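Those protein sequences? They're chains D, F and A, same order as listed. Going left to right, the first sequence walks through residues 1 to 505 as UniProt numbering numbers them. Going left to right, the second sequence walks through residues 1 to 505 as UniProt numbering numbers them. Going left to right, the third sequence walks through residues 1 to 505 as UniProt numbering numbers them. Yeah, the Cβ is synthetic: ideal placement off N, Cα and C, and Gly gets one too. Note that this is a predicted model, so its numbers are computed, not measured.
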Amino acid sequence: MNTTATEAYVNEAISNLTATLTEKDTELEGSIGAIGGLGDVLWLLLGAYMVFFMQAGFALLEAGGVSAKNTKNILLKNILDACLGGMVWWAVGYPFAYGTGGASPNAFIGGANFFMYKGTTSMNDSDGSAPSGYFYAGWMFQWAFAAAAATIVSGAVAERCNFMAYLIYTTIITAFIYPVVVHWGWSSEGWLSAFKAKAGDDSEEDWSYDPYLGGNGFIDFAGSGIVHMTGGGAALMGAIFLGPRTGRFNADGTVSDLHRGHNAVLQALGVFILWFGWYGFNPVSTLAFSMMDIAARVAVTTTLSACAGGCTTLLIHIACGNVPDVGPALNGILAGLVGITAPCVVVEPWAAAFIGFVAAFVYYGSSKMLLKLKIDDVLEASPVHFFCGAWGCLSVGFFATDIYVNNGVNGAYAADKDNGDSGNYGAFYGGGGEQLGTQIVGVLAIAAWTCGTSALMFFGLSKAGVLRVSPEDEQTGLDDSHHGGSAYDMQTMQANSGTVKVEAV
Amino acid sequence: MNTTATEAYVNEAISNLTATLTEKDTELEGSIGAIGGLGDVLWLLLGAYMVFFMQAGFALLEAGGVSAKNTKNILLKNILDACLGGMVWWAVGYPFAYGTGGASPNAFIGGANFFMYKGTTSMNDSDGSAPSGYFYAGWMFQWAFAAAAATIVSGAVAERCNFMAYLIYTTIITAFIYPVVVHWGWSSEGWLSAFKAKAGDDSEEDWSYDPYLGGNGFIDFAGSGIVHMTGGGAALMGAIFLGPRTGRFNADGTVSDLHRGHNAVLQALGVFILWFGWYGFNPVSTLAFSMMDIAARVAVTTTLSACAGGCTTLLIHIACGNVPDVGPALNGILAGLVGITAPCVVVEPWAAAFIGFVAAFVYYGSSKMLLKLKIDDVLEASPVHFFCGAWGCLSVGFFATDIYVNNGVNGAYAADKDNGDSGNYGAFYGGGGEQLGTQIVGVLAIAAWTCGTSALMFFGLSKAGVLRVSPEDEQTGLDDSHHGGSAYDMQTMQANSGTVKVEAV
Amino acid sequence: MNTTATEAYVNEAISNLTATLTEKDTELEGSIGAIGGLGDVLWLLLGAYMVFFMQAGFALLEAGGVSAKNTKNILLKNILDACLGGMVWWAVGYPFAYGTGGASPNAFIGGANFFMYKGTTSMNDSDGSAPSGYFYAGWMFQWAFAAAAATIVSGAVAERCNFMAYLIYTTIITAFIYPVVVHWGWSSEGWLSAFKAKAGDDSEEDWSYDPYLGGNGFIDFAGSGIVHMTGGGAALMGAIFLGPRTGRFNADGTVSDLHRGHNAVLQALGVFILWFGWYGFNPVSTLAFSMMDIAARVAVTTTLSACAGGCTTLLIHIACGNVPDVGPALNGILAGLVGITAPCVVVEPWAAAFIGFVAAFVYYGSSKMLLKLKIDDVLEASPVHFFCGAWGCLSVGFFATDIYVNNGVNGAYAADKDNGDSGNYGAFYGGGGEQLGTQIVGVLAIAAWTCGTSALMFFGLSKAGVLRVSPEDEQTGLDDSHHGGSAYDMQTMQANSGTVKVEAV
């Protein structure tokens with residue numbers, strides 16, 4: 001080079017151009033990133049809508065599974081699990097579950113954002129002082145989960161639970177019992193959580209994972225334990241403390257067939273809607289548009305487990321000497337769905353089918369066991385949700401693959417893990433027993449918490465004398481005795497039924 | 001610098017590179033913009049599907065709420081509101097509503113794109129001469145809205161309206177009455193519209209807003225007024241001109257309980273489906289992928305109002321001395337949903353809950369008022385849709401926040417406003433009374449138009465003697481007398497019902 | 001220029017900057033492309049969920065359309081079409097349909113990816129040795145299609161088909177009959193396929209189309225032929241080989257009204273759900289986020305055909321001297337939907353309405369013809385799916401526009417076509433008869449294959465004596481005789497029905 005001036009001129013021109021280029025690139029990256037962010041919100045909203053629609057599925061499944069005389073009672077419970085649940089979740093449920101970010105992280109319970117309050121009403125979450133679209137969408141998604149957890153209980157306590165007792169227990173579950181489990185398992189502070197932020201990382205954007213337990217923490221992707229064991233555990237306690245429906249068990253210990261669902265069509269439609277909604281429950285639990293490829297795998301594992309659960313339960317039912325009935329197929333599908341909810345993102349398709357296969361036995365066996373123990377869980381909520389939920393959590397310890405747990409591109413758990421201890425995976429693949437151990441701890445902790453607090457609650461309601469309706473009201477049916485009359489007006493149905501006449505007495 | 005040649009060489013190189021860079025950036029920006037545009041279409045399509053699915057919700061809600069003997073009649077009306085409505089909306093409804101862009105803007109009614117005709121069949125809307133994907137998706141979304149508006153009426157006139165009269169009134173509503181209101185309130189030319197384009201801006205892409213009324217125009221985001229008051233107002237006129245069902249009111253002025261819905265399960269499922277569909281109705285009314293963060297907030301306000309409406313109405317019902325029944329909870333949810341439909345995008349979560357709370361009183365009070373006036377609105381379509389719709393529009397005047405109305409990043413109304421008069425917002429926040437005044441004008445205008453034209457229409461049908469079925473047919477039921485027999489064949493249901501036998505006469 | 005050194009210095013600086021620029025651009029293009037890829041997966045997943053939900057629609061439509069005494073039987077069939085179908089589709093169905101990419105392309109049947117096995121469990125499809133998100137999402141979408149095809153049959157053979165026979169035929173259809181047709185029509189190797197890859201193009205990403213037949217191959221966009229004719233053809237054969245229900249046809253050849261559906265509400269809800277699901281079926285068959293504009297047009301054509309089909313069938317029914325009944329309107333909607341499924345992407349809106357109009361006549365006429373032939377297709381599955389499916393395929397030959405078939409921006413078929421013979425389009429537009437000829441070949445081939453193999457299958461089942469239940473069981477009803485009792489427990493419904501009492505005998 002012969003002159004510094006030339007060099008300087010060139011350098012300046014290049015420097016100017018580079019600055020322009022960098023600015024433009026940053027702008028483009030921002031635009032691309034913004035689309036990804038909008039995609040995240042879209043994804044969460046769609047998931048929230050689908051999981052919310054599961055309320056209709058639960059309502060139909062439960063309405064079809066009880067006597068016609070208790071139909072309106074169970075419908076009203078499901079309606080209020082969404083409505084009252086929404087109010088409670090807004091006020092205290094979400095804050096206890098996800099209200100984190102305070103100065104001192106709390107591994108047990110959250111404590112911020114009551115009534116969604118974040119300081120301002122603008123939408124710019126960059127400093128955490130205002131709700132973002134992602135915050136609102138996440139609230140929606142979690143509200144739908146909370147309503148699902150709460151509504152599981154109504155199936156177990158159906159046909160004899162006092163309406164006032166229902167209002168109290170569903171409020172306590174949505175306000176406290178369930179949020180605490182969510183905080184444990186899914187928040188950035190929880191003692192079980194796989195997403196626990198490293199100490200000192202206070203921005204949600206930047207944190208790296210540093211779980212308390214093992215390399216990965218408790219892996220319960222979409223809530224076999226956190227949602228289904230919680231709802232199912234409370235359901236089990238409710239059924240126990242209420243005692244069986246009058247006449248449910250004969251003097252000789254056998255089960256009476258006096259009580260059966262009044263409409264199989266409602267049950268089937270309910271399960272189809274639940275299955276549909278589960279595609280919001282599981283795949284959308286990826287929570288990010290960028291994990292869409294993983295969500296597709298989750299949809300597949302969810303499907304195969306549901307299919308295997310349904311087929312297997314029907315086969316078990318037939319093998320036990322029964323005819324092919326609709327009920328076992330439906331509950332088998334739900335057993336498979338509940339079972340795959342924890343492991344859906346960390347297992348291969350074949351393992352998903354196997355998990356559904358085992359879930360069928362878990363459901364069928366636990367259902368029989370409850371009958372032997374004379375526990376009257378009307379909709380079999382605890383066999384489906386509690387016992388299959390536990391199996392789902394444990395199955396992670398056996399079938400989680402190395403690549404899905406520990407490879408950021410393929411898995412939901414590996415990203416940004418920062419504790420240098422991320423080698424755990426399923427025992428079946430030679431990953432050792434540590435993850436299984438963590439899963440056992442999680443299952444026992446959730447079971448102890450949810451059954452303990454629920455037992456206390458139902459014991460209190462029982463002592464207060466408000467838990468169960470009178471034998472007369474039970475006999476009459478809750479709709480006539482408590483809700484203003486039957487869900488059905490059959491007279492006009494009869495009168496118009498062409499070839500049939502019914503004599504009014 | 002010592003030589004011009006060097007400088008020129010450098011400049012040329014830089015210039016070439018800059019040109020390449022600019023070309024590439026434009027290309028990348030185009031790719032990013034294209035994704036946003038595809039996202040817009042996806043968003044509108046999903047919304048259209050969800051709002052279309054509300055037809056099933058209306059059908060079930062209405063079927064469950066009438067006598068069994070009129071079930072097929074109400075089903076057929078709902079089916080045709082989608083089918084016949086689709087044909088009419090294609091031919092003239094959409095053109096009257098959104099067929100704008102002509103040489104002389106029309107503030108009252110549109111007049112282009114009949115049968116979707118835009119000149120060519122290719123898909124390139126850049127010069128407006130061909131339908132774009134966004135045009136098609138928008139048509140879908142608006143068709144679903146039109147079907148919803150039309151189908152609201154069938155609930156009010158149920159159990160006694162002649163089928164021929166139904167065909168005529170639903171055609172007129174979908175073809176003319178509703179499209180005119182849409183043109184007023186949502187088109188780029190309407191006299192009420194918040195989205196009225198500035199004179200001279202003829203390309204939809206580029207226009208800036210210059211509403212006739214106040215700084216913002218009439219704010220009715222997703223149609224508390226435009227959809228629900230229109231449907232509900234026509235419903236009210238229909239109920240008035242038809243007169244009450246035979247025996248509905250006793251001689252002493254009290255209400256008979258002779259008429260009641262025949263299936264609460266259908267009603268509950270209907271409301272769950274409607275609630276689900278409302279997440280297409282409200283959040284997707286953002287109409288743009290880029291407003292997804294705002295859509296999430298809309299989902300939250302929609303949810304809180306629905307929850308508050310359901311809980312509050314049930315409480316009012318109990319406070320009035322009744323037992324907790326399913327019906328009030330369901331209609332309360334709908335009241336909250338209708339109420340929040342106008343303000344959903346401009347209010348804070350707490351205000352949404354309050355709007356739902358008030359909507360419960362509006363619904364309950366107007367329902368009682370109609371009974372006092374001996375107006376027999378079978379499904380309470382006008383209390384839910386007309387009166388709560390009006391409340392929703394008015395609530396904007398109280399609770400719209402400054403930031404959501406006037407800040408382009410956070411709101412749907414602020415973008416590109418060009419009239420230098422954008423300071424109006426809710427009176428509660430100190431925004432003065434101008435927006436409330438505009439809202440009152442809008443409510444009165446919609447009420448006058450829809451009730452006036454509907455009254456004329458139903459009066460004509462009544463005079464022509466085709467409005468109401470004969471007392472005999474009403475007694476027999478419309479299914480047997482007009483639609484080929486009952487919706488149900490109960491004989492086989494009975495015969496198979498194990499423990500029960502029915503004697504055929 | 002005075003010195004080479006200066007020039008070299010400048011060139012090097014420019015070269016470095018260009019390299020940086022190119023690297024950055026590639027990175028940005030990659031980010032943008034990745035979003036598009038994630039959008040593809042999202043799109044397919046949403047479509048899969050919606051099409052899966054159609055199972056609920058089929059279940060309700062069929063349940064409502066049979067006697068109450070056969071309700072659980074038909075529900076169980078629909079449940080198993082999803083569950084058992086999922087297992088079979090996973091094992092062999094998908095592999096036979098889409099398991100391509102082997103060394104020697106097979107125009108008749110696929111043969112890879114059994115049990116989704118692709119060699120590894122990681123998610124990186126770049127070398128085809130591992131399943132990608134798109135692979136998983138595509139599997140989901142195709143599983144839902146397979147379940148739909150299989151479940152069509154159950155409607156035709158309802159109320160008399162042995163459950164064991166059902167298990168066998170549904171397995172054979174899902175495992176073999178349907179996958180072969182899919183391979184023919186939609187795979188990259190099929191002899192009918194419009195998407196047949198040019199020889200030598202083995203990567204799915206890069207292939208250009210080189211169909212065997214004509215310039216475009218057989219155009220059946222979303223499966224009027226491939227899905228509906230296959231399901232409907234098997235349904236027709238099942239109905240023929242089973243023979244009519246006892247008492248269905250009177251001695252004088254007239255049709256008895258002894259058999260009719262027991263619940264019109266279920267039928268209507270079923271059709272609404274099917275219509276909703278069809279928006280997954282047709283628009284999502286674009287299979288790509290980038291074709292969203294086209295998907296919107298598909299949604300419009302789907303809607304207009306459904307609307308026209310419903311209105312027209314009701315008019316035909318009335319013109320034939322009947323009252324306006326719900327059934328014809330519902331089946332007319334389905335006729336329009338089935339008819340538009342093949343041509344939805346290549347026709348203009350007006351043509352879509354016309355196709356639905358004609359489909360109404362095809363449905364109504366073929367339904368009457370079957371009754372004349374004393375073929376008892378309970379749910380009219382073959383008139384709706386087989387005959388209207390054939391009409392849909394043929395309509396492409398008449399109404400496919402040049403621009404939609406041959407213009408890559410507007411159509412699904414034009415992209416990357418490489419055979420220099422892409423001028424075919426609809427005869428109505430002067431496109432000649434070649435496309436119509438191809439469509440006829442496709443229709444005949446599918447009809448021959450599906451009817452031939454199904455006839456063989458049902459003949460075998462009949463000879464083996466397992467096809468039909470005993471007359472006694474048919475009389476009693478399948479629910480009591482085979483499935484453990486009625487779907488309904490009416491006793492409690494009665495007992496609570498306030499004003500009515502039923503005497504137990």
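Check	Outcome
Name the chain A residues that come within less than 8 Å of Asp489(F), Cβ to Cβ?	Ser67, Ala68, Arg260, Gly261, His262, Asn263
Counting only runs that start and end within the region 44–115 of chain D, where is the alpha helix (DSSP H) found for 4 or more residues in a row?	71–88, 94–98
Between the Cα of Phe428(F) and those of Tyr169(F), Cys307(F), Phe398(F), spot the shortest distance and give me the residue it belongs to.	Phe398(F)
For Asn406(D), does the three-state DSSP call read helix, strand or coil?	helix
Do the CB positions of Ala342(F) and Cys393(F) come within less than 7 Å of each other?	yes
What ranges does the beta strand (DSSP E) occupy inside the region 274–333 of chain D, keeping only unbroken runs of at least 3 residues that lie completely in it?	none
Here's the rule I'm using: 16 or more other beta-carbon atoms within 10 Å means buried, otherwise exposed. How should Gly30(A) be labelled?	exposed
When you compare only the Cα positions, how much space is there between Val405(F) and Tyr425(F)?	7 Å
Pick helix, strand or coil for Phe195(F), following the three-state DSSP scheme.	coil
When Cβ atoms are compared, which residues of the region 284–306 of chain D fall closer than 7 Å to chain F?	none
Does any residue of chain F bring its CB to less than 7 Å from the CB of Ile35(D)?	yes
Considering Cα atoms alone, identify which of Thr71(D), Ala59(D), Glu27(D) is closest to Asp489(D).	Thr71(D)
Mapping DSSP to helix, strand and coil, what is Phe361(F)?	helix
Given a limit of 9 Å on CB to CB distance, which residues of the region 3–19 of chain F reach chain D?	Thr3, Thr6, Glu7, Val10, Asn11, Ala13, Ile14, Leu17, Thr18
What's the gap between the Cα of Met457(F) and the Cα of Met164(F)?	13 Å
Tell me the rounded alpha-carbon separation between Ala8(D) and Asp25(A).	27 Å
Suppose you measure from the CA of Thr246(D) to the CA of Asp257(D); what does that come to, to the nearest Å?	12 Å
Would you call the region 72–86 of chain F in contact with the region 158–172 of chain F, where contact means no fewer than 3 C-beta pairs closer than 8 Å?	yes
Mind checking the region 103–135 of chain F against chain A and listing, in chain order, the residues whose C-beta falls within less than 7 Å of any C-beta there?	Phe115, Met116, Thr121, Ser122, Met123, Ser132, Gly133
Kindly indicate which three-state DSSP category Asn263(F) falls into: helix, strand or coil?	strand
What would DSSP say about Cys344(D), mapped onto helix, strand or coil?	coil
Check Tyr134(A) in the structure and name its three-state DSSP category.	helix
I need the straight-line Cα distance from Ala268(A) to Leu379(A), nearest angstrom please.	13 Å
Could you tell me which residues DSSP pairs with Val255(D) in its beta bridges?	Phe249(D)
Considering only the alpha carbon of each residue, which of Ala137(F), Trp139(F), Ala352(F), Asn113(F) lies closest to Ser129(F)?	Asn113(F)
Cutting at 6 Å between CB atoms, please list the residues of its own chain near Thr6(F), excluding the five before and the five after it.	none
To be precise: take each residue of the region 44–59 of chain D, compare its Cβ to all Cβ atoms of chain F, and keep it if any distance is under 8 Å. Which residues remain?	Leu44, Leu45, Leu46, Ala48, Tyr49, Phe52, Phe53, Gln55, Ala56, Ala59
If you measure beta-carbon to beta-carbon, which residues of the region 304–332 of chain D are closer than 9 Å to chain A?	Leu304, Ala306, Cys307, Ala308, Gly309, Gly310, Cys311, Leu314, Asn322, Val323, Pro324, Asp325, Val326, Gly327, Ala329, Leu330, Gly332
Whole-angstrom Cβ separation of Ile74(F) and Ser154(F), contact assumed at under 8 Å?	6 Å
Kindly provide the ranges of any beta strand (DSSP E) runs that are 3 or more residues long and lie completely inside the region 440–486 of chain A, ordered along the chain.	none
By the 10 Å Cβ neighbour count, where 16 or more other Cβ atoms means buried, how is Glu348(A) classified, buried or exposed?	buried
Please report the residue range of the alpha helix (DSSP H) in which Met123(A) lies.	That residue, Met123(A), is in no alpha helix (DSSP H); it is neither H nor E in DSSP.
Locate the alpha helix (DSSP H) running through Leu167(A), then write down its first and last residues.	163–172
In three-state DSSP terms, what is Phe176(D)?	helix
Would Ala455(A) pass as an interface residue toward chain D - the criterion being a Cβ-Cβ separation below 7 Å?	no
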